[in-house]
Structure formats: structure tokens, C-alpha cells
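Quick note: the sequence shown uses my numbering, first residue 272, plus one each step.
Beta carbons are placed, not taken as given, at the ideal position from N, Cα and C, and that holds for glycine.
Keep in mind that this is a model prediction, so the values were computed, not measured.
Written out below as C-alpha cells is the structure these notes cover.
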Amino acid sequence: MDVCIVGTGYVGLVTAACFAEMGNNVYCVDINPDVVQSLNNGKVHIFEPGLEELVQRNHQQGRLHFTTDISEGLAGSLFVFVCVGTPPGKDGRADLSFVYQVARDIGEKMADYKIVVDKSTVPVGTADKVRSLIQEELDKRGEKFEFDVVSNPEFLKEGDAVSDFMKPDRVVVGTDNIRTAELLKALYSPFARSRDKLIVMSVRSAEMTKYAANCMLATKISFINEIANICEKVKADVGDVRAGIGSDHRIGYHFIYPGVGYGGSCFPKDVKALIGTALDYDYNPEVLQAVDNLNHRQKKVLPGKIIDYFKPQGGVSGKTLALWGLAFKANTDDMRDAPSLELIRELTAQGMKIRAYDPEAADRAAVELKDNPLVEIVGEQYAVLEGAHALAVVTEWNQFRNPDFARIKKELKSPLIFDGRNLYSPREVADMGFAYFCIGRCPVEKKL
């Protein structure tokens, strides 16, 4: 099939590459000529495991094309996937200006029947507006081309997006048109060979499903962080508590890892967006507001531990913290709403120097932090340790899970670790002579 993908971010590029991998002819449209040139040269501008190889192979084999011209993408394509960003506005609601512009462009340029697929995460009712905008442009031209607008939300995890697309748990399609549903079923059939994974529902239900899914996952994260904070107060171990509740199949182990709060391009903005939608319909979403508030508070927990520890020693001003991890989670270079940024803001505001390392997010972090003179980003994991007063771990990269503790102890001014991801055993690091502070477990305190 011929497919047009508008937008080459995480969702758009993964969608395009995976459709092309299954033999479809795919045109990717992006308004940024530098991004398009880079992709035509085989260079992917985002880090996602397995994506660059997929893009290069399908581009070289002639199934994946990149252009800035939406007319080129639309020509001959039955499906037009809208995969542009919906960043939060000042009030927290989704900014739909990019989606609306794509709708106008489609209406202005389309020359035959199209199935327009909203894959961007959009509030309930957006498809109606997209349909209206396309029709307005067609009316201006005096054309009467038929088209359908469908909701097909993505459920991709950054860091595992290619696998998620290739082996989806489900494919949600929002449409009231049986013919359109069958066409989408045919497009997605290579990804559902073992069983039928297509779930067809109304457009508004599909739009709501995406928000409900992300808000449920965010709720689980905030819940376990709340439990972790209580565990510290009552001297319980959140690791044991997690094992105890996760064994209940109604709860499960997924997404109940305590830590420094959630970040990234989805959960923060989607929770806020659904709060905004609820308020627009005169409903007070108390659980979602609590989830959002708890996450903001959780991002301050680890810097708070660091500030409290050094308070008797004259405070953090003038001291140096070695920081492992900048991306909001492992296996991505995404810095959007990363907990590391809040930690850095809190500590540098009090004069602490930060020497940070991340295996993939260094370049993006450098842009985010370029105006902070107290931050240095270093290109080697152990080089950040030299002369630092403590080590903090904020991102759960695999290479941080079993490090050279003897080398850490040697390079730091004092053997002190603040672990925001609970990667290490308190007993084991204590036996190696470290003071150790983590999330939801009793700290190991030593006189250093």
C-alpha cells in the first residue's frame, strides 16, 4: 500500500520505517529541510534502538522516502498519518496548532480519496475539528473529494518503540466506517499474524483510550512513589512491598518501580491534557491532579536528600556532584521533562556544580543546559567521578547497574551514592564502605 506519514519525530519515523519494512511504499513529510536531508543521507536525528538500521535499509531498498513537499507525499497515497507534535500549552492543554495545519495542508493539496489517520495524541473531539478543517479547504477549492478521518493512537514505549510497533498488544482504530476499518485492518495485518489485534471503536473512544492508557500508567508510577515515601517514614523497604503487591495478578509488577518521577514526551503532557479536557467539561479530575502533583513533588525528593545530607557540612554550594544519567529513562536521548533537569535546577540554584554523563542524551542535554555555567557534561562514565563529593544515579542505563565500585570509591572525595533508581543493594554497598541513599528504603549512613 502507499502511505504518507506527516511528521518524522519518534512516532512518525518509527511508524514509517515499520510500515516500509512490511513492504509498503511510504513517504515521510517534514517541514524541516535539514531533517529531511539528514534522513535522505541515512542519518536518523533521534536515538531509538534499531530504528536507524531500519530506516537505512528501507530507504536504500526504495520503500521509504523523505520530502518537505506534502503534495509529493499525498500523491497516490491512500493513508495519510498525522504524526506531528502536540506539546503542552501554557495552560497544560495540548497545543494542536501543528495538527490543524496539517489538516489544512491535506485539504488544500489532496486530489483523491484519503483516509486521514490521527496518530498524534490528541484530545477527544480533535478528529471532528480535523474533518472540518479539511472540508473548509476543499470548499475553498470547489472540490468534493471524499475522505475519512480516523483515530489510531500509538502505544509505543520510547526505547522499545520498534518492537512495540512490530509486535503490538493491540491496534486501536476509531471509526464508524466499516470499509475504512477493513482497509486499516489490511494495512496492519502483517503485525497481527498470530491473532486479530485490531480493536474498532468510535473515534472519540479511541482518542480517549490513548489518554486513559497513559494516565493509568502515570498513576501507577505516582502511586508506588507515594508508597516509597511512606516506607521511608515507617522504616519499611519498598522493594519488599513491591514484591508483595506485584505478585497479585490484579496489580502486577509492571510500572511499579519507585524512583525520581516520570518524564518524557507523553506522561507529563497527557496527564495535564486530560485534566484540561475534564475541566473543559466541568468535571474536577481529582485523581489525575493528584498524580500530576505527586510527580512534581517526587522530582524534588532526590535533590532534597542531597541538600539535607550536606547541610551540616556548610551546604552544597561549591561542592561537585557526579551525575549518571540525563535522559528521562534508559534507551532514549529524550530530555523532555527529564527528572535530571529538576535535580540540576534545584542543586545549581544553591551553588552546587554538576558533572554529568549520559551515553546517548549528552548532545540534547547540552542544548537544554547551555545557559547553566555550573553544569559540565562529560563524555566518559567514570571521568565524572574525579574529585566529586558524591555520585547520583538518575537514569537506569544498563551500564550503571553493575559498575566498578572500587573505582567509584577511589575517584570520589568520599564514598557517597544517591541512587534515584534503586539499582544497588543497600547491604552490598554498605559492605563496600559507601554511604547510600535511595528511594523508599532505609539509607546506609556512615561517617565519611
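Three-state secondary structure assigned by DSSP to residue i
i      : result
THR591 : strand
HIS316 : coil
HIS336 : strand
LYS680 : helix
GLY344 : helix
ILE377 : helix
PHE416 : coil
ARG626 : strand
ASP447 : coil
VAL421 : strand
ALA365 : strand
PRO461 : helix
ASP305 : helix
ASP389 : strand
VAL395 : coil
PRO697 : helix
PRO359 : strand
LYS718 : Low per-residue confidence applies at LYS718: pLDDT is 45, beneath 50, and the placement is therefore not dependable, though the value from the model is reported in the following sentence. Three-state DSSP puts LYS718 in coil, outside helix and strand.
Residue i classed as buried or exposed, judged by whether at least 16 other C-beta atoms fall within 10 angstroms
i      : result
ASN295 : buried
VAL306 : buried
ASP579 : exposed
GLU720 : Beyond the ends of the chain as shown, which are 272 and 719, falls residue 720; an answer cannot be given.
MET606 : buried
SER518 : exposed
ASN555 : exposed
PRO697 : buried
MET487 : exposed
ASN303 : exposed
GLY356 : buried
HIS336 : buried
TYR628 : buried
LYS415 : exposed
GLY510 : buried
GLY585 : exposed
SER536 : buried
GLU613 : buried
VAL505 : exposed
GLN308 : exposed
Alpha helix (DSSP H) segment containing residue i, residue limits
i      : result
TYR281 : 281-292
MET472 : Counting along the chain, MET472 falls outside any alpha helix (DSSP H), though it belongs to the beta strand (DSSP E) covering 469-472.
ASP273 : Premise fails: ASP273 lies in the beta strand (DSSP E), 273-277, not in any alpha helix (DSSP H).
PHE671 : It is not in any alpha helix (DSSP H) - PHE671 carries neither H nor E in the DSSP assignment.
ASP633 : Note that residue 633 is Ala in the sequence shown here, rather than Asp. From DSSP, the alpha helix (DSSP H) with ALA633 extends over 633-639.
MET437 : 432-437
ARG328 : 322-331
GLU722 : In the structure displayed, the chain extends from 272 to 719; residue 722 sits before or after that span and is not available.
GLU613 : 610-619
Enclosing beta strand (DSSP E) for residue i [first to last residue]
i      : result
LEU597 : Element bounds for LEU597: n/a, residue is neither H nor E.
TYR580 : Here TYR580 belongs to no beta strand (DSSP E); instead the alpha helix (DSSP H) covers 572-581.
ASN296 : 296-300
ALA661 : 661-664
GLU647 : 646-648
PHE708 : 706-708
VAL351 : 350-353
VAL687 : For clarity, residue 687 is Leu in the given sequence; the question names Val instead. Unbroken beta strand (DSSP E) run through LEU687: 687-690.
Supposed contact pair residue j and residue i - C-beta distance, whole angstroms, cut 8 Å
i      : j      : result
TYR653 : ARG678 : 6 Å
ILE648 : ALA637 : 5 Å
VAL421 : THR451 : 6 Å
LEU345 : ILE386 : The Cβ separation is near 12 Å, so there is no contact.
ALA706 : LEU687 : 5 Å
ASP750 : TYR482 : Given a span of 272 to 719 for the chain in the structure shown, any question on residue 750 remains unanswerable.
THR619 : LEU645 : 4 Å
SER611 : LEU592 : Actually they are not in contact, since the Cβ atoms of SER611 and LEU592 sit about 11 Å apart, beyond 8 Å.
VAL433 : LEU322 : 6 Å
ILE710 : VAL558 : ILE710 to VAL558, Cβ: 22 Å. No contact.
SER476 : GLY445 : 6 Å
* To do: Please specify which runs of the beta strand (DSSP E), each continuous and at least 3 residues long, are wholly inside the stretch 483-561, giving them in chain order.
  => none
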